[in-house]
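Taking it in order: structure first as structure tokens, then the write-up.
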Amino acid sequence: MHTNIIGIVLVIILFFGCAGTPRFTRNPARSGPLATQPRDRAVAAPVKPRQGALFQEGEASYYAHDFHGKKTANGETYDMNTFTAAHQTLPFNTLVRVVVAGTGQSTVVRINDRGPFAKDRIIDLSLAAARKIGLIGPGHAQVQLFIEDNHEQ
1 MHTNIIGIVL VIILFFGCAG TPRFTRNPAR SGPLATQPRD RAVAAPVKPR
51 QGALFQEGEA SYYAHDFHGK KTANGETYDM NTFTAAHQTL PFNTLVRVVV
101 AGTGQSTVVR INDRGPFAKD RIIDLSLAAA RKIGLIGPGH AQVQLFIEDN
151 HEQ
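Following full-length UniProt numbering, the numbering of the sequence shown begins with 1 at its first residue and continues without gaps.
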């Protein structure tokens, strides 16, 4: 009885040992590049804008309580009570004047984070900056961005 079981086990081992090669690679590093972010969430390389010039126009929004105390892209701790912002391409520490198109209200913020990742937004402001230019009620507004100073790290 034991010899029959041993014989069956050996046949099974022999059968699976002679199976064909797998149709996939065991070394994923050689299988080609992998996408790390979806295309619509990719962050572009930083640009070097001209100081004092209109840099960009579009929709601004703000982020606050859910992110307060968490790390920003440049390693700082996000403080919603400071005048900071997230932008996809401006270098960290760039000072940007944000002007609301309809009212002319403005504030200066320092770029310390990356985002926003919504297609129709160009900048995410801290709660303090959003409050100063009247974004708290509507949550977003059309703005113009002017480069005040470029303190690239």
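For glycine and all other residues, C-beta sits at the position ideal for the given N, C-alpha and C.
Enumerate in chain order the residues of its own chain whose CB-to-CB distance from residue i is below 8 Å, with the five nearest sequence positions on each side excluded.
| i | result |
| --- | --- |
| residue 59 | 120, 121, 122, 140, 141, 142, 143 |
| residue 137 | none |
Please return the same chain residues whose Cβ sits closer than 7 Å to the Cβ of residue i, not counting the five positions on each side in sequence.
| i | result |
| --- | --- |
| residue 103 | 134 |
| residue 132 | 107 |
| residue 64 | 80, 127 |
| residue 76 | 112 |
Would you identify the three-state DSSP class for residue i, choosing helix, strand or coil?
| i | result |
| --- | --- |
| residue 70 | coil |
| residue 3 | helix |
| residue 147 | strand |
| residue 54 | strand |
| residue 135 | coil |
| residue 90 | coil |
| residue 141 | strand |
| residue 130 | helix |
Do residue i and residue j have their C-beta atoms within less than 9 Å of each other?
| i | j | result |
| --- | --- | --- |
| residue 56 | residue 125 | no |
| residue 98 | residue 85 | yes |
| residue 147 | residue 82 | no |
| residue 70 | residue 78 | yes |
| residue 118 | residue 92 | no |
Count the other C-beta atoms from every protein chain shown that fall within 10 angstroms of the C-beta of residue i, then say buried if there are 16 or more, exposed otherwise.
| i | result |
| --- | --- |
| residue 10 | exposed |
| residue 149 | exposed |
| residue 129 | buried |
| residue 54 | exposed |
| residue 51 | exposed |
| residue 66 | exposed |
| residue 13 | exposed |
| residue 109 | buried |
For residue i, verify whether its CB is less than 8 Å away from any heavy atom of the ligand FMN.
| i | result |
| --- | --- |
| residue 82 | This structure lacks the ligand FMN, and indeed carries no ligand of any kind. |
In chain order, what residues of the same chain have a beta carbon less than 6 Å from the beta carbon of residue i, not counting five sequence neighbours either side?
| i | result |
| --- | --- |
| residue 90 | 111 |
| residue 115 | 86, 124 |
| residue 100 | 133, 141, 143 |
| residue 4 | none |
| residue 154 | Past the edges of the chain, shown from 1 to 153, lies residue 154, and the structure says nothing about it. |
| residue 113 | 72, 73, 86 |
What ranges does the beta strand (DSSP E) occupy inside the region 95 to 123, keeping only unbroken runs of at least 3 residues that lie completely in it?
106 to 113, all fully within the region 95 to 123.
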